[in-house]
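K.L.:
If you want our numbering, it's the 1-based position in the sequence shown plus 650.
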Amino acid sequence: MSCCINDSDTVPLDSLLRHMSVNVPQVPYVVALDMVRERYIELARKSGILVAYTELPIQKEVTNYFLEPPEDYEVFAVKAAGHPTGWNWQNADAHHWFSTWGYRFWVKDNTEVIFDRAPSSDESERFILMTVIPAPCCATIPRSIATPYGRGIASGAVADALRMPNKPWSNPGLANTFEAKFNQAALSARNLAITNRGAVTPEMKPIRIL
Numbered sequence: 651m652s653c654c655i656n657d658s659d660t661v662p663l664d665s666l667l668r669h670m671s672v673n674v675p676q677v678p679y680v681v682a683l684d685m686v687r688e689r690y691i692e693l694a695r696k697s698g699i700l701v702a703y704t705e706l707p708i709q710k711e712v713t714n715y716f717l718e719p720p721e722d723y724e725v726f727a728v729k730a731a732g733h734p735t736g737w738n739w740q741n742a743d744a745h746h747w748f749s750t751w752g753y754r755f756w757v758k759d760n761t762e763v764i765f766d767r768a769p770s771s772d773e774s775e776r777f778i779l780m781t782v783i784p785a786p787c788c789a790t791i792p793r794s795i796a797t798p799y800g801r802g803i804a805s806g807a808v809a810d811a812l813r814m815p816n817k818p819w820s821n822p823g824l825a826n827t828f829e830a831k832f833n834q835a836a837l838s839a840r841n842l843a844i845t846n847r848g849a850v851t852p853e854m855k856p857i858r859i860l
């Protein structure tokens, strides 16, 4: 099984600290980086903007297939499955999803896809479309995420720093202002992700697919 990563242009995650240090320069580097990382993961979780394809070699009489996310990422949700030539990612259902080849499938622990029927013969690979989130140890961020949303991610980290008690930079009242900026960035990313799901062919992929 292989995973297609289309957004390989990344920048160091700590490059976002420049947006944070303007407001809370006293926060230690390691602490600030952890805060930025947590907010990056939160934005990805709330927006669903990070998407990856993986290819499953369909085998005769096999219904269960394990998923492998891209390196430094974790599977957050499986959205759809289908033929590479008949891809349609608009078939998500609230509880389970249907592939374009007519089989229903379920997801177990975001690590395994289980089809309700096994094919009678070996077939070509199928695409699995999944949203992913950064791993807790991630050290990079796609440039296409950092450019429009880096400042918003850092604003969330600033809000967390300002809420820390008994620190020289503590200011809980001001934290709400930066929290609002983060929420605005997350909403913008979510709106973009929803709009991009309207594409119906692999050639019309959103630029922020991993």
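The beta carbon of each residue, even a glycine, is placed where N, CA and C say it ideally should be. Values in this document were obtained by computation on a predicted structure and should not be read as measured data.
Starting from I764, trace the beta strand (DSSP E) in both directions and tell me its first and last residue.
P.N.:
Where I764 is concerned, the enclosing beta strand (DSSP E) stretches over 762 to 765.
K.L.:
Report the rounded CA-to-CA distance for P818 versus V677, giving the unit in angstroms.
P.N.:
9 Å
K.L.:
Using the rule of at least 16 other Cβ atoms within 10 Å of the residue's Cβ for burial, across every protein chain shown, is V763 buried or exposed?
P.N.:
buried
K.L.:
In the DSSP assignment, find the beta strand (DSSP E) that holds I791 and state where it starts and stops.
P.N.:
790 to 792
K.L.:
So, for R801: in the same chain, excluding its five sequence neighbours on each side, which residues have a beta-carbon less than 7 Å away from its beta-carbon?
P.N.:
Correct list, in chain order: H669.
K.L.:
Thinking C-beta only, is S805 closer than 7 Å to M814?
P.N.:
no
K.L.:
Tell me whether the segment 695 to 707 and the segment 782 to 792 touch, counting them as touching only if at least three CB pairs, one residue from each stretch, are closer than 8 Å.
P.N.:
yes
K.L.:
Give me the DSSP bridge partner(s) of A866.
P.N.:
Any answer about residue 866 is impossible in this case: the structure gives the chain only from 651 up to 860.
K.L.:
Compute the Euclidean distance between the alpha carbons of Q709 and P720, then round it to the nearest angstrom.
P.N.:
23 Å
K.L.:
Name the DSSP bridge partner or partners of E724?
P.N.:
I783
K.L.:
Between the C-alpha atoms of G736 and D722, what's the straight-line distance to the nearest angstrom?
P.N.:
The pLDDT assigned to G736 is 48, lower than 50, so where the model puts this residue is not dependable; a value taken from the coordinates is nonetheless given after this. Rounded to whole angstroms, G736 to D722 spans 29 Å at the Cα level.
K.L.:
Going by CA-CA distance only, name the one from P822, N826, A825, R793 that's closest to Y690.
P.N.:
R793
K.L.:
Out of C787, F726, Y715, point me to the one whose CA is closest to F755's CA.
P.N.:
Y715
K.L.:
If you measure between the beta carbons of V808 and V680, is that distance less than 7 Å?
P.N.:
no
K.L.:
Inspect the beta-carbon positions of V686 and L706 and report whether they are closer than 7 Å.
P.N.:
With respect to L706, V686 sits apart: the two C-beta atoms are not nearer than 7 Å.
K.L.:
Count the other CB atoms within 10 Å of the CB of M810; is the residue buried (16 or more) or exposed (fewer)?
P.N.:
In the sequence as presented, Met is not what sits at residue 810; that position holds Asp. Under this definition D810 is a buried residue.
K.L.:
Excluding the 5 residues flanking F832 on each side, which residues of the same chain have their C-beta closer than 6 Å to its C-beta?
P.N.:
G802, S805, G806
K.L.:
Measuring only the C-alpha atoms, how far is A830 from A796?
P.N.:
18 Å
K.L.:
How far does the alpha helix (DSSP H) with R813 in it extend, from its first residue to its last?
P.N.:
Unbroken run through R813: none, as it is neither H nor E.
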